[in-house]
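Have a look at the structure below before the remarks.
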Amino acid sequence: MNVTIRMTRAENIAQFGTKPVEIPIEEYLCGVVPAEVYESSHREALKAQAVAARTFALKRALAGTIMDDTTSFQAYRYGLATSSPRSRQAVEETAGQVLCYDDTIIDCFYSASNGGLTKRSGDVWRKHYPYYVNKTDPWDIAANAEKKTKASHGVGISQIGAMWAAKNGVPYNEILAFYYDGAVIVSDYGKRRNLDIEDNTPEPEGGHKMNLRKLLFVNNACYKAGKTMPPKGIMVHSTGANNPNLRRYVGPDDGLLGKNQYNNHWNQDKPGGRQVCVHAFLGKLADGSIATYQTLPWNMRGWHCASGSKGSGNDTHISIEICEDNLTDATYFNAVYKEATELSAYLCRQYNLDPAKDGVLICHAEGYKRGIASNHADVMHWFPKHDKSMDTFRADVKKLLDAASTSPAPTPTEPKKLYRVQVGAFSVKTNADAMLAKVKAAGFSDAFIKYGE
Ligand SMILES: [Zn+2]
């Protein structure tokens, strides 16, 4: 895939002349990413920028548009393309990945800052796209609090917001999901739908695969508090109300949830006046099928179980909340139970958790008994009605993990490669410290010292 660029900058004209030239898109991006954001940015911010810039360029290349090398399209600098290894790595690690909405490559805009509020494109320009919505951008706000940046059009990625988020542990796919509402990352220039969040999830027996979607509760005070935690376990909850519809709790409507006519979902500051927020909801979409919605980054501290005599599971456990019905429908129960086991297996794999280990995979009632949660009965008032318990749940999750580890990964999309980078080995600690300081000063802020033989 090539892009056609007419150069206007002296350094680019020296290399390419003034007539439009065709450049391979990936090579072009190596000169865009470092020109648009700092080469020293966190790698997840560079990756988010790479995917956004690729999406922008691909859309125009497919339309036959000749771009220039300025911010009228995207800043491109040949000199930086050859001298920015971190940006190049971000381009390589995301090669071919673009953002799609409804199977169409999106018109991907971004700007330096949005002033704390992502903008609906129709309010800024004439054309409106469904993936640009008005919402509070806590990352942009946090970044501006550290260093004031002038806001520009504010549609799509806020570059300073993305840099702040990346620095604070948010991966590039979550950054993109936040700024391009409902868009998904698709590899192979939009031809292959395999990089959504369910990537690497093994296909459980029976062919069913959890339907994991994402709608982060960015308006919830818990999300805005932005505290992180290293997940040490999972706490299973159920809602305690007869309403199996996800739209009761998850909103606004993404076209699948259906409309919540009371607008009392949890994507607001304090739902029903309560400080409450969980990491995922499981229940019914508008069409009656079962889905899981991730509503907080998994490593963000949730508000789901208050505390007990020994502390709070909020500091340690990822919370998954199953929407209850009237508790008698076996078909619904079996479907959400299965979905919950698959989600738990997925999370156990992601955070290297052993579901069989004491205190790792528990329900709210068990959390109370352990002294880390308030006194609630969920899910033990429900599971036994359908001959299940937390013991069967843990065993079923373990089974999924064991099955995945003994059978070859299904439909592997790309073989996993590990690229190790090391800059030196020292027998004197102070020499190692000095090298680390040097490496960090060069912009590799995530470098670290590892002790080994
Ligand atoms: Zn609960």
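Sequential numbering of the sequence shown, starting at 0, is according to numbering that gives the first Met the number 0. Beta carbons: idealized from backbone N, C-alpha and C, even for Gly. Computed from a prediction, not measured in an experiment: that's the story for all the values here.
Residue closest to L360, alpha-carbon to alpha-carbon, out of N133, T315, E323
T315
Is D314 a contact residue of ligand 1, with contact defined as CB to any heavy atom under 7 Å?
no
What residue ranges within the region 81 to 114 form continuous beta strand (DSSP E) runs of no fewer than 3 residues, ordered along the chain?
97 to 100
Give me, in chain order, the residues of the same chain whose beta-carbon lies closer than 6 Å to that of W138; leave out the 5 immediate sequence neighbours on both sides.
G160, W163, A164
Any heavy atom of ligand 1 within a distance shorter than 7 Å of the CB on D445?
no
Can you tell me which of N244, R273, L255 puts its alpha carbon nearest to the alpha carbon of L281?
N244
Measuring CB to CB, does D180 end up less than 8 Å from Y130?
yes
From A440 to Y171, what distance separates their C-alpha atoms?
23 Å
C-beta contact flag for C322 and N374 at 8 Å:
no
Give the list of continuous alpha helix (DSSP H) stretches no shorter than 4 residues that lie fully inside the region 210 to 293.
220 to 224
Relative to the C-alpha of A339, which candidate in Q274, V123, K309, K283 has its C-alpha closest?
K283
Between which two residues does the alpha helix (DSSP H) carrying L45 extend?
42 to 61
CB-CB under 8 Å to L400, same chain, minus the five flanking residues each way: which ones, in chain order?
A344, C347, R348, P354
Roughly how many angstroms lie between the CA atoms of T238 and I371, to the nearest whole one?
19 Å
Return the bridge partner residues of T3 from the DSSP annotation.
E21, I65
Answer yes or no: the CB of D386 versus the heavy atoms of ligand 1, is any distance below 7 Å?
no
Residues near K226 by beta carbon distance below 8 Å, same chain, minus five either side
M299, R300
Determine, using beta carbons only, whether L211 and L342 come nearer to each other than 8 Å.
yes
Kindly indicate the opening and closing residues of the beta strand (DSSP E) around C322.
Run containing C322: none; DSSP gives neither H nor E here.
What residue does the alpha helix (DSSP H) around C347 start on, and which one ends it?
329 to 349
Hey, would you say the C-beta of C304 is under 7 Å away from at least one heavy atom of ligand 1?
yes
Does the Cβ of D328 lie closer than 7 Å to at least one heavy atom of ligand 1?
no
Would DSSP call K309 helix, strand or coil?
coil
How far does the beta strand (DSSP E) with L360 in it extend, from its first residue to its last?
360 to 362
Where K118 falls, given that 16 or more other Cβ within 10 Å makes a residue buried
buried
Tell me the rounded alpha-carbon separation between G287 and H236.
21 Å
Three-state secondary structure (DSSP) at K149?
coil
Once DSSP output is grouped into helix, strand and coil, what is the label at V36?
coil
Under the three-state reduction of DSSP, which class applies to T70: helix, strand or coil?
coil
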